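Using our numbering, read the sequence shown as starting at 551 and increasing by one per residue. The structure appears right after this line, and notes come after that.
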Amino acid sequence: GLSTLLLTIYAARVLGPVEFGKFAFDLAAVSLFVIFSDFGLTDIITRDFAKDKEEEKEFSAILSLKIILSIGTLLLIIASSFLIVSDQPIRIIMWLLGLYLILNSFSDVFFAFFRARMLMEYEAWIKIIQAILATAAGLYIIFNFPSAVNFSYGYLITSFIILVFVLFFFSFRIQSLRVIWNRRSWKKFLGKSWPLGFASIFAMVYLYIDSVMLGFWGQITEVGWYNAAYRITYVPLVVMTLISMAFYPTLSKFFKESKEKLQKFWDYQMEIMIILAIPLMVVGILLASKIVIFFYGLSYMPAIPVFRLLVLVAGINFLYVSYNMILVISHQQKKHLWICLITALINIVLNLFLIPRYSFYGAGLATLFSYIILFALEVECSRRFTSITVFN
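Take a look at the structure:
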């Protein structure tokens with residue numbers, strides 16, 4: 551949520567570039583693995599349940615699959631931590647943040663169910679409660695026990711409390727929870743979700759591999775500066791995510807019912823994204839120095855140039871999301887998979903070339919170039935493989 555994001559920004563200011571760099575490095579590292587705990591299931595739940603309510607009978611089997619994926623992901627994170635980092639305190643942060651993200655991912659399965667039923671108000675209220683708890687815990691830790699490890703504990707405890715609340719709420723309000731070990735259902739949903747799962751893995755690569763590379767090469771302070779700049783751009787992306795979540799179930803419904811309604815509703819979403827993206831990029835570039843110093847203070851001034859690059863990335867995100875969504879809704883997730891693979895490979899090559907020469911500024915350039923390629927490929931695939939007129 552927005553308040554949690556602002557809390558992280560404030561924590562970066564208090565902890566300083568080095569300590570925040572440790573936190574950001576571990577968060578980036580575990581984000582590369584945690585996608586295995588979902589593997590595209592949440593998007594498929596929303597899409598298929600919105601189209602056919604009979605699919606809801608499979609939800610208990612999906613929960614059992616989610617448990618298996620979550621346990622496997624946690625073990626993968628723990629094992630990988632011994633290869634990625636040598637510093638034990640940083641490794642502990644990695645474990646804490648890995649478990650935090652896995653618990654959040656488990657809650658997302660229930661939120662996907664809510665979206666399919668057009669019950670987004672439940673998700674909204676639960677996330678508001680989570681934001682309040684996280685903010686309260688985070689501020690208490692920052693003022694009394696400021697460190698990356700303690701801040702990670704605050705995130706983990708909050709996500710655990712929210713998951714317990716979601717389990718009880720769903721069980722009493724929506725339907726009773728059961729765990730059914732049904733291999734047929736697992737095969738069915740994984741057969742639909744695996745392209746999205748791999749696409750998400752590749753997306754995590756071009757989102758976080760730069761921070762992991764910087765940290766792996768010992769540039770922890772640079773990781774702090776780079777992620778501080780990135781965190782500010784996440785603020786408008788919260789708005790983008792909320793808008794896209796609101797449009798997704800209805801677009802899925804119109805895909806089945808009416809081509810004309812689908813085009814009209816997609817155009818409406820695209821107009822909103824354009825209206826938001828252009829001012830975001832212009833204002834971000836012109837006021838970059840004032841924005842960074844306002845949020846973080848003078849110790850983060852080296853982050854100003856990279857912030858200008860990343861605000862362009864945020865603007866591209868606003869434009870990209872509508873094309874990504876229509877590919878998924880049109881059952882073209884395999885095309886999206888290949889696009890993400892190409893983008894991830896390009897991003898890795900660019901980072902290998904640019905980071906040694908330009909440090910985190912090179913990482914920012916690699917991210918911007920990668921997103922331009924990603925956007926162009928998504929537009930072309932949407933034009934060729936969906937019923938949408940992309941330039942209407």
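Yeah, the Cβ is synthetic: ideal placement off N, Cα and C, and Gly gets one too. Source: prediction; values computed, not measured.
Secondary structure at VAL568: helix, using DSSP grouped into helix, strand and coil. In this chain, the alpha helix (DSSP H) harbouring THR771 covers 770-807. For ASN732, no alpha helix (DSSP H) segment is defined, and its DSSP state is neither H nor E. Cβ-Cβ distances below 6 Å link LEU927 to ILE889 in the same chain, with the five nearest sequence neighbours on each side left out; the list follows chain order. With a contact defined as Cβ atoms closer than 8 Å, LEU764 and ILE905 qualify at about 6 Å. Listed in chain order, the non-local C-beta contacts of PHE719 below 8 Å within the same chain comprise TYR672 and ILE676, local neighbours out to five positions each way being set aside.
Counting the other CB atoms within 10 Å of its CB gives ALA579 a total of 16 or more, which places it among the buried residues. A straight line joining the alpha-carbon of ILE628 with that of VAL699 spans about 16 Å. Counting other Cβ atoms within 10 Å of its Cβ, VAL861 reaches 16 or more and is therefore classed as buried.
Rounded to the nearest whole angstrom, the CA to CA distance from ASP817 to VAL929 is 14 Å.
If you compare the alpha carbons of LEU924, ALA574, VAL564 and LEU565 with that of ALA753, the shortest gap goes to LEU924. For ALA864, the closest C-alpha among the options PRO852, SER614 and THR917 is that of THR917. For SER920, the uninterrupted alpha helix (DSSP H) run begins and ends at 883-935, by DSSP.
With fewer than 16 other Cβ atoms from the protein chains shown falling within 10 Å of its own Cβ, MET851 counts as exposed. VAL716 has its alpha-carbon roughly 21 Å from the corresponding atom of PHE589.
The closest CA to that of ALA561, considering only LYS885, SER697, SER794 and LEU837, is found on SER697. Taking LEU577 as the centre and dropping the five residues before and after it, the same chain places the C-beta of LEU647 closer than 7 Å to its C-beta, in chain order. Sequence-distant partners of PRO639 (beyond 5 residues in either direction) whose C-beta falls short of 7 Å from its own C-beta, in its chain, are VAL699.
When DSSP states are grouped into helix, strand and coil, ILE938 belongs to the coil group. When DSSP states are grouped into helix, strand and coil, PRO696 belongs to the coil group. Within the same chain, and ignoring the five residues on either side of ILE922 in sequence, the residues whose Cβ sits closer than 8 Å to its Cβ are ILE866. Here ASP598 carries a helix assignment [DSSP, helix/strand/coil]. Straight-line measurement puts the Cα of PHE695 at about 44 Å from the Cα of HIS886. Within the same chain, GLU608 come within 8 Å of LYS738 by CB-CB distance, once the 5 residues on both sides are set aside.
Less than 7 Å divides the Cβ of LEU557 from the Cβ of GLY688. Fully enclosed alpha helix (DSSP H) runs of no fewer than 4 residues are not present anywhere in the region 624-660. With the rule of 3 Cβ pairs closer than 8 Å, the region 865-884 does not count as touching the region 720-738. Comparing alpha carbon positions, the residue from SER839, LEU836, SER849 and THR936 closest to LYS884 is THR936.
Close CB contacts of ILE835 within its chain, under the 8 Å cut and outside five residues either way in sequence, are with ARG858, VAL861 and LEU862 (chain order). Counting only runs of at least 3 residues, the region 832-881 fully encloses no beta strand (DSSP E) element at all. Annotated three-state conformation of GLY704 is helix, per DSSP.
Put simply, the region 584-600 touches the region 615-624. At least three CB pairs are less than 8 Å apart. Take SER610, set aside five residues on each side of it, and the residues of its chain with a beta-carbon closer than 6 Å to its own are ARG728 and ILE730, in chain order. Just so you know, the alpha carbons of SER920 and ARG723 end up roughly 44 Å apart. Within its own chain, the residues whose Cβ lies closer than 6 Å to the Cβ of PHE805, once the five positions on either side in sequence are excluded, are LEU812 and ILE879, listed in chain order.
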